[in-house]
């Protein structure tokens, strides 16, 4: 006779019945154990429900001072109040915390063990209170900054110095990246404050402020044009030129004219201002770069001079458009705005 699978599954064997009984017995034991644990837990919970912070403060103060009188002075309460709090603590915990002999309190082994746990709890609570106060006062916090290389030499470091002068515990992270990378990072909330080229699309980032400064000419401090107050457009045709590329110059009419004037004597196309500054140092080449990088390199053997035409350098401060700017980040933005706007 055939037995279908359905019939087989509905006709359990003896071994299956025994296994089922074993499982039921195990479940019953587990239920009993759980009930027992719950009863113990509720009893312990009821025993400790009377604990108060004042009791623990009195206990800690007594352990530190070595006497009830010392604890009373530390807590600015009477000695009977401290004694009462200690007695209540022993009742509520079910522990014998002190041996009382000849008017002195000597910590028991239970008291010493309990003091260790109280110390951990109190220190943790105090750290939380201090942390909350520091956060309120902006002494803590992490500000994540994304910046173009041009702003990383002086503007960003000076802004951070201003933040740390007022809030020494504040931390900062700095990433030097391209404008598009910074915008993406700010939009993704991976960066709090960004310093980017004002010409890029901000996506989900919000522009807080935009600044425009004219570019400057940089050269070795022994260059013949270092004696000039300003550099004219025609001067660039007489010396080797280190160019920042068409993207930098073709945004303005004068920039396009400079590319035409220097087409025959351009010796390098560099896309970072600091590299252009490094290349003109010690030689006869000229470069036109942003004033912030030029200002930094003026301390390393370079001369910077204004140009008689307009090649604007525009920079924007951006934040995330969908989230609030933190207080510490706000202080950094305030410092940057002041420094760039000078």
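Numbering (the numbering used here), first residue to last: 255 to 596. We treat Cβ as the ideally placed atom computed from N, Cα and C, and that holds for glycine.
Between which two residues does the beta strand (DSSP E) carrying residue 513 extend?
Residue 513 -> not in any beta strand (DSSP E); alpha helix (DSSP H) instead, spanning 507–515.
So is residue 330 buried or exposed if we call it buried at 16+ other beta carbons inside 10 Å?
exposed
I need the DSSP call for residue 427, collapsed to helix, strand or coil.
strand
Quick one: complete beta strand (DSSP E) runs, 3+ long, within the segment 399–452?
Every beta strand (DSSP E) stretch that sits fully inside the segment 399–452 and reaches 3 residues is listed by chain position as 425–430 and 447–451.
To the nearest angstrom, report how far apart residue 326 and residue 313 are at their CA atoms.
11 angstroms
How would you call residue 355, buried or exposed, if buried means at least 16 neighbouring beta carbons within 10 angstroms?
exposed
Residue 511 and residue 487: beta carbons closer than 8 angstroms?
yes
I need the straight-line Cα distance from residue 437 to residue 589, nearest angstrom please.
Between residue 437 and residue 589, the C-alpha separation is close to 20 angstroms.
Would you decide whether residue 525 is buried or exposed? Buried here means 16 or more other CB atoms lie within 10 Å of its CB.
exposed
Would the segment 414–421 count as touching the segment 457–473 if we require 3 or more Cβ pairs under 8 angstroms?
no
Whole angstroms is fine: what's the gap from residue 470's alpha carbon to residue 378's?
Taking the Cα positions, residue 470 is about 55 angstroms away from residue 378.
In angstroms with no decimal places, state the Cα-to-Cα distance between residue 372 and residue 332.
Residue 372 and residue 332 have their C-alpha atoms spaced approximately 22 angstroms apart.
What are the complete alpha helix (DSSP H) segments, minimum 4 residues, inside the segment 506–567?
Fully enclosed alpha helix (DSSP H) runs of 4 or longer: 507–515, 527–534 and 545–551.
Does residue 336 come out as helix, strand or coil in the three-state DSSP assignment?
helix
Mapping DSSP to helix, strand and coil, what is residue 300?
In this prediction, residue 300 has a pLDDT of 39, which is less than 50 and means its spatial position is unreliable; nothing more can be read from the coordinates.
Is it the case that the CB of residue 527 approaches a heavy atom of the ligand SAM more closely than 7 angstroms?
By its list of ligands, the structure shown contains no ligand whatsoever, and the ligand SAM lies outside what it can speak to.
Decide if residue 548 is buried, meaning its Cβ has at least 16 other Cβ atoms within 10 Å, or exposed.
buried
In whole angstroms, give me the CA-to-CA distance for residue 318 and residue 423.
About 30 angstroms.
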